[in-house]
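Have a look at the structure below, then the notes.
Numbering (this note's numbering), first residue to last: 8 to 125.
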């Protein structure tokens, strides 16, 4: 195990499984996340506009790097149906070296390919 200040776990809830899968696929495809776990239905109890609300939601556990958080949050807001989607990031204190390295590699921008003859 090694400490890793650059890796974070972001928590995002979604209204349903289809929305969670759609957001997860986009974040991984765009290399804003290395992995997104979608946790089955959770019951959320919260205050919204002065009233106590209760909903069933799906929780996304998103593994990414701290420098990508602002872009990840912006993308979640674009893709999400909620007026104010949850985006909370927790720092990873330590983890498997191989797994933390994989997160870094999976979220790194690929160098642009050069065209033949250039």
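Built from N, CA and C at the ideal position, the CB exists for glycine as well.
Quantities reported herein were computed from a predicted structural model and do not represent experimental measurements.
Around the Cβ of residue i, are there at least 16 other Cβ atoms within 10 angstroms (buried) or fewer (exposed)?
i           : result
residue 72  : buried
residue 81  : exposed
residue 97  : exposed
residue 31  : buried
residue 105 : exposed
residue 40  : buried
For residue i versus residue j, is the C-beta distance shorter than 8 angstroms?
i           : j           : result
residue 45  : residue 64  : no
residue 210 : residue 92  : In the structure as shown, the chain begins at 8 and stops at 125. Residue 210 is therefore absent and cannot be evaluated.
residue 14  : residue 110 : yes
residue 17  : residue 95  : yes
residue 86  : residue 33  : yes
residue 113 : residue 60  : no
When DSSP labels each residue in this structure, what does residue i get in the three-state scheme?
i           : result
residue 60  : strand
residue 106 : helix
residue 39  : coil
residue 15  : strand
residue 99  : coil
residue 81  : helix
Taking residue i as the reference, give the member of the options with the closest Cα.
i           : options         : result
residue 66  : 111, 114, 43    : 43
residue 115 : 75, 58, 95      : 75
residue 51  : 106, 22, 113    : 22
residue 102 : 70, 62, 30      : 70
residue 47  : 35, 68, 77, 113 : 68
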